[in-house]
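To start, the structure under review is shown below, and the notes come after it.
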Amino acid sequence: MRLGMLAVILAVTTSSADADTPRDAMEDYFAGEVRGGWVLTGMGVGGLVTGGVLLAGDGDRAQGASYVVLGFGVAHLAAGVYVNVASRIRRRVYRVAIDKAPQAWVEVESYRMKGVSTQLLVLKIVEVVLIAGGGVMAYYGNDSDRPQLEGAGYALAAEAAATLLFDIVASRRASRYRAKLAGSAMLTRDAADQPVLLGGLMMQF
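Residue numbers (the working numbering): 562 to 766.
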């Protein structure tokens, strides 16, 4: 029995020497989320400025594109502010939760992140559909001599593509976080900042 437990400890020690603790993984992920919030905010502000310029400009294509660009600008700005603020709040709450019950936190957060990954997958599918839809709109608008529809189609495809790129990056970040959570499920640190098995066994690295 003792030999078996020693083997488990040695295996965890060997494989986890450079592994992130739950708190390390959480801090890294939400730092990325805060940066992502700023990126979305920048996309939103850029969209509002661009949409305003298009709206004030001449040409039916510009007019058609302006409404789509403004709409995405509002959505990106709102999402960016939410992601930034929510990530900061969640990070503070999680620091306390990890200190009090790291194992329970890992289980709950792993379940939550599974849902986040599913949501991001759905968003990416929707965005691909919007890109295709924008292309069809632009083609039909050009073919039927409806420049406003054509401009709206171009804008829809472009904005959806930019959002898709953002969500691909976010999805990869979420996948890395989930992998780190799985790898750190048995690791935390004590008051002396030493790696410790969540069951309470000390491991010196």
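Even glycine gets a Cβ: it sits at the ideal position worked out from N, Cα and C.
Burial state of residue i (16 or more Cβ within 10 Å)
i    : result
Y738 : buried
K741 : buried
T724 : buried
Y643 : exposed
E668 : exposed
I659 : buried
Y655 : buried
Straight-line gap, residue i to residue j (C-alpha atoms, nearest Å)
i    : j    : result
M692 : A722 : According to the sequence displayed, residue 692 carries Ile and not Met. Straight-line Cα distance between these residues: approximately 6 Å.
V595 : D706 : 44 Å
E844 : G620 : Summary: the structure shown does not reach residue 844, with the chain confined to residues 562 through 766, and so no result is reported for it.
V687 : V657 : 36 Å
R622 : G695 : 13 Å
S671 : A665 : 10 Å
G593 : L609 : 24 Å
I650 : D581 : 22 Å
K661 : A743 : 19 Å
D589 : V730 : 15 Å
G565 : G607 : In this prediction, G565 has a pLDDT of 45, which is less than 50 and means its spatial position is unreliable; nothing more can be read from the coordinates.
Y701 : G603 : 32 Å
8 Å Cβ shell around residue i - same chain, five flanking residues per side excluded
i    : result
V646 : G598
A636 : G605
V697 : G714
K675 : R739
Residues near residue i by beta carbon distance below 6 Å, same chain, minus five either side
i    : result
S627 : G612, L615 and L616
V677 : A735
N703 : E711
Cβ-Cβ distance between residue i and residue j below 7 Å
i    : j    : result
Y715 : A699 : yes
L601 : G641 : yes
L784 : D728 : Within the shown structure, residues of the chain are numbered from 562 to 766, placing residue 784 beyond reach of any answer.
G605 : L631 : no
R652 : F591 : yes
A586 : S732 : no
Q680 : G625 : no
Neighbourhood of residue i by C-beta, 7 Å cutoff - its chain only, sequence neighbours within 5 removed
i    : result
V629 : A713, A716, L717 and E720
V689 : L725
S648 : F591, E594, V595 and G598
Whole runs of the alpha helix (DSSP H) within the stretch 601-652, excluding any shorter than 4 residues: none
In chain order, each alpha helix (DSSP H) run of at least 4 residues that lies wholly inside the stretch 693-753: 708-744
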